[in-house]
Amino acid sequence: MDLYFRKPTEAETGEFVSIARAMQIISCNLSQKLNSSKLGKAFNDLGFEKMRTKHSRGYRAIVRTAEEIKAYQVSVCINPPQCDDDAPF
């Protein structure tokens, strides 16, 4: 999720991203089916602001550009997230 979207800063307004659009953006690189409920939960868990229009629900987000995605991937490889030592694998 963080790979494709980020929360807008105080100075940014962000844009309305519907769950359907988010599914399209993410699923183009996946072979697995996505579940809209779980995708909405992921947005919620990451602290994105909920939004609702007359016809759809979504979140205020910034869609990352290809350059931002590449830079994010590099930063994660350089500074990997801390792993729990109790993880089964």
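Position in the sequence shown (from 1) plus 272 gives the number in my numbering.
In this text, a Cβ means the ideal position worked out from N, Cα and C, and glycines have one as well.
Since we're looking at a predicted model, the values are computed, not measured.
- About 28 Å separates the beta carbons of residue 290 and residue 347, which is beyond the 8 Å limit, so they are not a contact pair.
- If only uninterrupted alpha helix (DSSP H) runs of at least 4 residues are considered, those enclosed by the segment 287 to 343 are 291 to 299 and 308 to 317.
- As the crow flies, the alpha-carbon of residue 276 is around 11 Å from that of residue 296.
- Taking the CA atoms as reference points, residue 330 sits about 6 Å from residue 288.
- Residue 344 is not a Cβ neighbour of residue 332, given a cutoff of 8 Å.
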